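Here the structure comes first, spelled out in structure tokens, and everything after it is commentary.
There are 2 protein chains.
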Amino acid sequence: MRASHYFISTLKEAPSDAEVTSQKLMLRAGLIKKTAAGIYSWMPMGLKALRKVENIVREEMNRAGAIEVLMPAVQPAELWEESGRATHYGPELLRFKDRHDRDFVIGPTHEEVITDIARRDIRSYKQLPKHFYQVQTKFRDEIRPRFGVMRGREFLMKDGYSFHSSFDDLVREYHNMYATYTRIFTRIGLEFRAVAADTGSIGGTGSHEFHVIADTGEDDIAYCPDSDYAANVELAEALPISTVHGVASEALPISTVHGVASEALTKIHTPGVKTIAELAAFLNIPETQTVKAIVVESDGEVAQAVLMLLRGDHELNEIKAQNLEGIKSPLTFATPEAIAAAFGANPGSLGPVGFTGRVIMDRSVAAMSDFVIGANEDDYHYTGANTGRDFPGPEIADLRNVVAGDPSPDGKGTLALCRGIEVGHIFQLRTKYAEAMGARFLDENGREQAMEMGCYGIGVSRILGAAIEQNNDERGIIWPTAIAPFQLVICPVGWSKSDAVREAAQALYTELSEAGVDVILDDRNERPGVMFADWELIGVPHRVVIGDRGLKEGSAEYQGRRDASATAVPIAELAAFVHEKLSA
Amino acid sequence: MRASHYFISTLKEAPSDAEVTSQKLMLRAGLIKKTAAGIYSWMPMGLKALRKVENIVREEMNRAGAIEVLMPAVQPAELWEESGRATHYGPELLRFKDRHDRDFVIGPTHEEVITDIARRDIRSYKQLPKHFYQVQTKFRDEIRPRFGVMRGREFLMKDGYSFHSSFDDLVREYHNMYATYTRIFTRIGLEFRAVAADTGSIGGTGSHEFHVIADTGEDDIAYCPDSDYAANVELAEALPISTVHGVASEALPISTVHGVASEALTKIHTPGVKTIAELAAFLNIPETQTVKAIVVESDGEVAQAVLMLLRGDHELNEIKAQNLEGIKSPLTFATPEAIAAAFGANPGSLGPVGFTGRVIMDRSVAAMSDFVIGANEDDYHYTGANTGRDFPGPEIADLRNVVAGDPSPDGKGTLALCRGIEVGHIFQLRTKYAEAMGARFLDENGREQAMEMGCYGIGVSRILGAAIEQNNDERGIIWPTAIAPFQLVICPVGWSKSDAVREAAQALYTELSEAGVDVILDDRNERPGVMFADWELIGVPHRVVIGDRGLKEGSAEYQGRRDASATAVPIAELAAFVHEKLSA
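Residue numbers (the numbering used here), protein chains in the order written: chain C, 1 to 584; chain L, 585 to 1168.
In structure tokens form, the structure reads like this:
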């Protein structure tokens, strides 16, 4: 491609409403144009990168045996009534009436449409398994679309749906997709992790998210650098500290878990001390020697106060807490009035000593001895508190978020934390949709059964944003070569003035084009500074500069987008040199 | 591809609501599934054909210098307010409010979105011309979606928009697109015609439609088999019969046009004769000797009756009639009361003799002599009527639809009629959108000017329906090879029983696959009758049958989809034979 025949439209400044790096850079590089909030037009260079992602996804899905289809964006609402999602899906689901006053939705996903097809067309176990996928434009009416293509309202998604005659076969395909997604993100050239995930609103059991690792990610991920273990922080198990490398269990007798008491329980005056930070500072002790008290409501008709104890430096994990038997879900904190009534004190001075209600202790607290805890009297705390001795040994549970350095739940090392951007998600839907919509088949014994289903999504357009969040510098985007709009740019210095430059640039361009390299020749006749700034902003990973000065010495300059400086390469070796860099 | 890994789902009968051949065959062949009225899911085999069309369109658009973009389906309504189309576009435009109560439309076309991009990004003549196109899913809320993918509500379209610094440059690109569309439909393998067209509601001047020729088409086309001339019947000019091969002109003196009188004007009693057919039968004369009288309303505050005269066998062309000066548009027929008041007689006996109002005569009538016409007295007609002698020479105009055998307006032969399915349309929009939306540039003299625009559409999904309407027989679809879901099917007879058959089929499959042939191996282990019926219905253009009987003689059978019988081909020559057939 020649730049003069293409459309290059870069901006010095990003629009003021752009929030994150990838959004700013995509707008500045002219890859996308905002048409409305969360709705973008893909300009030529952005679409080129998008299509490269799409093609990698398609090739790997085909290789994995999935079959491509294309379902409509507009779906009859009655299918959503059948599945039950019409009522459960919130205002993100765009609903409208057609001119005949019939209800439709613009589908954010296609479980209903594909299940409708499967129930009409699949009758026998002999037709199973089948995995249909599509690459299709979706619309979700996000309340606050943001972050450019990472949380847009209209976006491109690959969504696949598999149908099986048994759960075992669903699990087989789930592993197949796990491997396929791993290949896809590896080929694209991203640092990523597969993360055990909550299933969220889409329903079903068993799911993994695929996250691109980036500091700007919205999700907190705990992973083990020494193994494959990775989970959303919300789901990662915090093992008992005393059982590192062992098996976590709430069934262990309390005496085998907690530490050994050496101090006496002592009530001290702590005037004005409300927070753990203030308490540690006041006593000049580490936060790890303090215990945090949190009061939540129990389940049931009359809510009771339930005391949860965590080590001072730890954070309550609300998901873990609300999933405990007898605890109100979603987790509900006790009111100040209920706390005062139950403890005789206000938050900031609460503790288990003398409290007669239910107490649940995080595993880490169970390993502590001689700790500091509220005395259930305003402005007073106990030092030297010990479980069992000073108050009855309570229930022990995993109540907290993991932190860096915690033992990995798989017993293979310690956890690290990072942030991720979710770009893929695989689910075992099981028979949720098949049961609701009557997608049944006859098994080998002639018995009718509901089909087992899996579903598998990739945010095709979001990948571009995530790739940029992971790969950029102060000058602009740094594309992985596999999805760069162009692999290489040739920048001739003095295009209109020097026959030698023009001829050398054209010769290299022709040779590389004919060899299948996706190369752009910048024949816009711009100054070097303008050219370089444009291509560094756009993020083309390889650049060759051809100018009269170098040509006199028989050389041109090569510079990779991440390289600190350019390398002089003899003209005769230039094409071979470029091929080597591209295949590196 | 192996059939067992694919999805083949054929039906014996088409659903009862399928109306036209292509719709029935696509549903029976399992290429599409109906999801709602006018909304279809593309199943694997249908999508494969769709993508082949899409790829040909994309390759040729790129070759022509257009640049691909991707604009959103959902567009802010305010852009449509700016262009003025919000009020002009009817209920086909799907409008909705998002969760913040802002107005949006699901764009049936993208003039507004691309003009919005152009006005923000293009400032100088140096950036022009630019031609952006996309292949994108569109939605039009048709009041009566029908004919499957030919008039669906959701459909795939290629739409391109070009911007120019001068009208001359727009005309250059218009010709470029005319040639590009011609290449596209030629490569797809369709019989088609470019037809001069009315511009319709999209606005602007200068346009051609590209029609696939098919008896089931909705449009009537007049064309000259001896030249490039083609036009919608509504627009094709009917030349004066006496000036065949000459220049049509209403300015010719009446005496040089009409025939020579030889009979006397005679009033005859024609009891109960109301229609031209009855009149011709009653008098035992050809309809070509009769003249039809039609009364329409004039323009202006008080409508006057205007008499239009056509040869008895001709049809009034309402577009031509309403475009005449002083005629009410849209064309409005006079009420029975107005007719009785103006003529003193009822329809069926009307004529120009004695009528003092405005009379307009079709060119063909002007060439007639001694004709039969109503006498303005119920149940009476005149025979031997002659223009000028029996009533004043009236205005002469082109009032009728052309018929087969009429002279071609380009003077290069005679017209034939056919029916067509519109699959492409190119327009010169001129400055309509640029003026309305302020898309201006600075010309070479530093003056601000509105951009000239062209727009160019291809109904990508509709092409499949049109291709099938043109190419089918009682057994099913006959795909042109370039867009067939598979080019060739290998049908092994006795797949599970005969090692020899399986080995020969697999060997051929492997050899052809590796040579890049898009081949499917039917390993479903079905009976020959089932296999053949499926593949003839699906319309794969080439078939090889391998069975034990043939193998004993060292041969297999080849049959093209249009061939009446099979050809035995020695196994050793099979691959070469197939290659030859595919490249034919």
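Every residue, glycine too, gets a C-beta built ideally from N, C-alpha and C. None of these values were measured; they are calculated from a predicted model.
Subject >> Residues bridged to L310/C (per DSSP) >> reply: K292/C
**OP:** Kindly provide the ranges of any beta strand (DSSP E) runs that are 3 or more residues long and lie completely inside the region 442-497 of chain C, ordered along the chain.
**Re:** 448-450, 452-459 and 488-493
Original post:
Cα separation between A118/C and R440/C?
Top reply: 9 angstroms
**OP:** Following the continuous beta strand (DSSP E) through A905/L, name the residue where it begins and the one where it ends.
**Re:** Here A905/L belongs to no beta strand (DSSP E); instead the alpha helix (DSSP H) covers E902 to Q906.
Original post:
Among G344/C, P407/C and A366/C, which one has its Cα closest to the Cα of E377/C?
Top reply: G344/C
Original post:
What separation, rounded to the nearest whole angstrom, lies between the Cα atoms of N985/L and H898/L?
Top reply: 7 angstroms
Original post:
What residues from chain C crowd round K617/L, counting only those whose CB sits closer than 8 angstroms?
Top reply: I117, R120 and D121
**OP:** Along the alpha helix (DSSP H) that carries V359/C, what are the first and last residues, could you check?
**Re:** Looking at the DSSP string, V359/C is not in any alpha helix (DSSP H); the run it does join, the beta strand (DSSP E), is R358 to D362.
Original post:
Among residues of its own chain, excluding the 5 on either side of F680/L, which ones have a beta-carbon nearer than 6 angstroms to its beta-carbon?
Top reply: Within the same chain, F680/L has close Cβ partners F688.
Original post:
Roughly how many angstroms lie between the CA atoms of H792/L and A798/L, to the nearest whole one?
Top reply: 18 angstroms
Subject >> Closest residue to A231/C among R543/C, I490/C, E154/C and R419/C (Cα-Cα distance) >> reply: Distance from the Cα of A231/C is smallest, within the candidate group R543/C, I490/C, E154/C and R419/C, for R419/C.
Original post:
the region 72-90 of chain C: which residues have C-beta closer than 7 angstroms to a C-beta of chain L, in chain order?
Top reply: P72, A73, V74, Q75 and P76
**OP:** Using a cut-off of 7 angstroms between C-beta atoms, extract the partners of V697/L located in chain C.
**Re:** Residues of chain C passing the Cβ test: T35 and S41.
Subject >> Identity of the residues DSSP links to P407/C by a beta bridge >> reply: Bridge partners of P407/C: T414/C.
**OP:** For L1121/L, return the contacting residues in chain C, with the cut-off set at a CB-CB distance below 8 angstroms.
**Re:** Simply none; closest approach about 16 angstroms.
Original post:
At a cut of 8 angstroms, does the region 1096-1111 of chain L reach the region 657-669 of chain L through at least three beta carbon pairs?
Top reply: no
**OP:** Leaving aside the five residues before and after N760/L along the sequence, list all residues of the same chain whose C-beta is less than 6 angstroms from its C-beta, in chain order.
**Re:** A648
Subject >> C-beta contact flag for S953/L and S846/L at 8 angstroms >> reply: yes
Original post:
Tell me which same chain residues have a C-beta within less than 6 angstroms of the C-beta of A338/C, skipping the five on either side of it?
Top reply: A305
Subject >> Residue-chain proximity (T683/L, chain C), Cβ-Cβ < 8 angstroms >> reply: First, the amino acid is wrong: residue 683/L is Arg here, not Thr. Interface residue, yes.
Original post:
How about K858/L and D982/L: do their beta carbons lie closer than 8 angstroms?
Top reply: no
Original post:
For R1003/L, does the three-state DSSP call read helix, strand or coil?
Top reply: Three-state DSSP puts R1003/L in a strand.
Subject >> Helix, strand or coil at V697/L [DSSP, three-state] >> reply: helix
Subject >> Three-state secondary structure assigned by DSSP to L740/L >> reply: strand
Subject >> Proximity of A505/C and I538/C at Cβ, strictly below 8 angstroms >> reply: no
Original post:
Rounded to a whole number of angstroms, what is the C-alpha to C-alpha distance between F132/C and D534/C?
Top reply: 41 angstroms
Original post:
For R669/L, which option in A887/L, D963/L, K1016/L and T850/L has the closest C-alpha, if you only look at C-alpha atoms?
Top reply: K1016/L
Original post:
Smallest Cα separation from R728/L: which of L900/L, E738/L and N1109/L?
Top reply: When each option's Cα is compared against that of R728/L, the closest is E738/L.
**OP:** Tell whether a beta-carbon distance below 8 angstroms holds between S606/L and M741/L.
**Re:** no
Original post:
Mapping DSSP to helix, strand and coil, what is L521/C?
Top reply: Note: L521/C maps to strand in three-state DSSP.
Original post:
To the nearest whole angstrom, what separates the beta carbons of M629/L and K617/L, a pair I think is in contact under 8 angstroms?
Top reply: Not really, about 11 angstroms apart at Cβ, beyond 8 angstroms.
Original post:
Is DSSP giving R1014/L helix, strand or coil here?
Top reply: Three-state result, R1014/L: strand.
**OP:** Report yes or no: is there a C-beta of chain L within less than 8 angstroms of the C-beta of E68/C?
**Re:** yes
Original post:
Can at least three beta-carbon pairs, one atom from the region 763-778 of chain L and one from the region 1007-1015 of chain L, be found at a separation below 8 angstroms?
Top reply: yes
Subject >> Spatial distance of G494/C from Q470/C (CA atoms) >> reply: 35 angstroms
Original post:
Is the Cβ of H5/C closer than 8 angstroms to any Cβ of chain L?
Top reply: yes
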